[in-house]
Amino acid sequence: MSPDRSRPQPEPGSVAGDLPVREIPGDDPHAELLEAPALCLSGGGSRAMLFHVGALWRMNELGLLGKLGRVSSVSGGSITAGVLATRWSRLAFDPASGVASNFAEVVSAPIRRFATRSLDVRTAVRGLLPFGGGPAAALADALGRHLYGDATLQDLPPEPRFVINATNLQSGVLWRFSRPYARDWRVGEIANPTFRVATAVAASCAFPPFFAPLTLHVSPDQFVPGSSDPELEDPRAYQHRVLLADGGVYDNLGLETVLKRCRTVFVSDGGGKIDDDPTPATDWARGTLRVMKVIDNQVRDLRKRSLVEAYRRKVRVGAYWGLRSTLAENPAPGTLPAPPDRTRGLAEMPTRLTSVPEERQRALINWGYAIADAAIRHWYVTPGVPGGFLPPPAFPCDGGVG
């Protein structure tokens, strides 16, 4: 089905309308949608982290990366977003083309080096040792050591706004880390927060039961007076320590922070394929993980279907692409070769923060690049590019999709 290019308008009388997001107190049903495009980076461990690199690579070549007004991320997507955010000022964007000539060096290279490390089991065990501070704290230390240093949220650029999403286990809603504030619409808002980027990303990646929760030690005095939900009984009881888990527990695509505010929304989904299993494990650890995967798979599919329907109905413009997508679903001229039997293997990689072999790294980046290219050229046309975007000449890395 060919996409309708007409300009979308807000749903009358509702911020969310039929979108797969929740209206919250303070939402303005008559607010104008922001014009600058937004990008959502999903979770999915090291697999998603590398897949998103390829998508960002192609968006940069198309001149879209530098136009972003907001980047919302979850879990493994937050690792990639954190690198992009902390290195944004180093990107050399050409004023005419809008393309950063040093993307590979500034963004891709550090993530690929990081992808050679196995963090999940080793870091979780280290965090359980005496004085280890817990698995999530150990993960934050590792992220700081290898990627972000001591950068804080105040070191992030004013534009685009980067929003790193975690789930507040106490209030049951999203906790959002950004430069202007860290907040949960129920518990309240901390203005101009100085949390380390590594801490924010670790909270976003704190997948239960092994890494959750990450504990933020805060004080009620840090919260903006009157910023909590009036219906929350005794907000101060929630403002001494905040217990956070993986952002994907609540919003596995990172849509909540952008879909109500932005007219153009791009979504990169690095979620994997849940395996068929005639004899699933029934012990508490593996059984719980299996249940969580089923829940994640169902919620992700529901959000995806609602999002694509919003594109079709002109409620929003943009493009969705996923690790489980196919080129046939996103027909465009001159797409790069990506046979489904190869890309399915990438989607079947486990959701872990573990070492990824060089060949598999290249394949994930190439697939993110190819499917983002196809989806954007199929769904999205900008007035600044008469006739649409040109197809890419080649993959960014050797080896195709494996």
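Position one of the sequence shown corresponds to residue 59 (our numbering), numbered consecutively onward. We treat Cβ as the ideally placed atom computed from N, Cα and C, and that holds for glycine. Here the structure is a predicted model, which is why all the values come from computation and not from measurement.
Quick one: grab the DSSP three-state call for residue i.
| i | result |
| --- | --- |
| His298 | coil |
| Gly380 | strand |
| Val111 | helix |
| Glu289 | coil |
| Arg254 | strand |
| Ala396 | coil |
| Leu473 | Nothing about residue 473 can be read from this structure; the chain reaches only from 59 to 460. |
| Thr401 | helix |
| Asp274 | Checking the displayed sequence, the identity of residue 274 turns out to be Leu instead of Asp. Three-state result, Leu274: strand. |
| Pro315 | It should be pointed out that residue 315 corresponds to Thr in this sequence rather than to Pro. In this structure, Thr315 counts as coil in the three-state DSSP scheme. |
| Thr210 | strand |
| Asp456 | coil |
| Gly140 | helix |
| Asp199 | helix |
| Phe172 | helix |
| Pro216 | coil |
| Ser413 | coil |
| Leu205 | helix |
| Ala390 | coil |
| Val163 | The displayed chain sequence assigns Glu, not Val, to residue 163. In this structure, Glu163 counts as helix in the three-state DSSP scheme. |
| Ala264 | coil |
| Ser64 | Only weak support exists for where Ser64 lies, its pLDDT of 45 falling under 50; the value from the coordinates is given anyway. Three-state result, Ser64: coil. |
| Val79 | coil |
| Pro450 | coil |
| Pro193 | helix |
To the nearest angstrom, how far is the alpha carbon of residue i from that of residue j?
| i | j | result |
| --- | --- | --- |
| Ser166 | Glu119 | 14 angstroms |
| His88 | Thr401 | 42 angstroms |
| Ser364 | Glu291 | 34 angstroms |
| Glu163 | Ile248 | 34 angstroms |
| Pro389 | Cys455 | 22 angstroms |
| Ala150 | Gly127 | 17 angstroms |
| Ala452 | Ser133 | 30 angstroms |
| Glu83 | Gly426 | Looking at the sequence itself, residue 83 is Pro, so the reference to Glu does not match. Near 36 angstroms, if we compare the C-alpha coordinates of Gly426 and Pro83. |
| Thr144 | Tyr206 | 7 angstroms |
| Asp359 | Ala432 | 20 angstroms |
| Val300 | Ala339 | 32 angstroms |
| Leu448 | Arg237 | 35 angstroms |
| Leu201 | Pro278 | 28 angstroms |
| Ser60 | Arg370 | For Ser60, the pLDDT reaches just 43, beneath the cut-off of 50, and the residue's location in the model is therefore unreliable, although a value from the coordinates is still provided. Spanning the two alpha carbons is a distance of roughly 9 angstroms. |
| Val414 | Gly103 | 11 angstroms |
| Thr315 | Glu416 | 34 angstroms |
| Ile434 | Ala260 | 30 angstroms |
| Ala94 | Thr412 | 35 angstroms |
| Ala405 | Arg234 | 28 angstroms |
| Leu227 | Ser130 | 20 angstroms |
| Pro218 | Pro336 | 46 angstroms |
| Tyr239 | Pro397 | 43 angstroms |
| Thr225 | Gly345 | 22 angstroms |
| Ser81 | Ala258 | Before going on, a small fix: residue 81 reads as Glu here, not Ser. Answer to the nearest angstrom: the Cα atoms are 24 angstroms apart. |
| Tyr438 | Gly376 | 5 angstroms |
| Asp208 | Asp399 | 42 angstroms |
| Ser136 | Asp341 | 30 angstroms |
| Pro267 | Gly446 | 46 angstroms |
| Arg348 | Leu274 | 28 angstroms |
| Gln297 | Ser147 | 33 angstroms |
| Asn160 | Asp152 | 10 angstroms |
| Ala264 | Phe220 | 19 angstroms |
| Leu77 | Leu317 | 8 angstroms |
Tell me, please, which residues DSSP counts as bridged to residue i.
| i | result |
| --- | --- |
| Phe235 | Ile222 and Ala240 |
| Pro248 | For the sequence presented, residue 248 should be read as Ile rather than Pro. Looking at the DSSP assignment, Ile248 forms a beta bridge with Ala240 and Phe281. |
| Leu177 | Answer is none; Leu177 lacks a bridge partner. |
| Asp304 | Ala224 |
| Ala158 | Phe151 |
Report back the beta-carbon spacing between residue i and residue j to the nearest angstrom; my notes put them in contact at under 8 angstroms.
| i | j | result |
| --- | --- | --- |
| Gly124 | Ala154 | Going by Cβ atoms, the distance from Gly124 to Ala154 rounds to 11 angstroms, so no, they are not a contact pair. |
| Leu197 | Phe269 | 6 angstroms |
| Pro450 | Arg116 | 7 angstroms |
| Arg321 | Arg374 | 7 angstroms |
| Gln419 | Leu108 | 6 angstroms |
| Asp327 | Lys362 | 7 angstroms |
| Gly305 | Leu422 | Going by Cβ atoms, the distance from Gly305 to Leu422 rounds to 21 angstroms, so no, they are not a contact pair. |
| Pro293 | Val245 | 6 angstroms |
| Thr210 | Val255 | 7 angstroms |
| Asn223 | Ser262 | 6 angstroms |
| Pro395 | Gly458 | 6 angstroms |
| Gly380 | Gly312 | In fact, because the Cβ distance is near 13 angstroms, the residues do not count as touching under 8 angstroms. |
| Val276 | Cys98 | About 27 angstroms separates the two Cβ atoms, so there is no contact after all. |
| Gly156 | Gly112 | With 8 angstroms as the limit, Gly156 and Gly112 do not qualify as a contact, their Cβ atoms being about 19 angstroms apart. |
| Ala428 | Thr384 | Incorrect: roughly 11 angstroms between the Cβ atoms, too far for contact. |
**Request:** Output the residue ranges of the alpha helix (DSSP H) runs that lie fully inside the segment 86 to 136 and measure 4 residues or longer, sorted by chain position.
**Result:** 103 to 119
**Ordered list of beta strand (DSSP E) runs contained in the segment 319 to 376, each at least 3 residues** = 322 to 327
**Request:** Note down, one range per segment and in chain order, each alpha helix (DSSP H) of at least 4 residues found wholly within the segment 417 to 444.
**Result:** none
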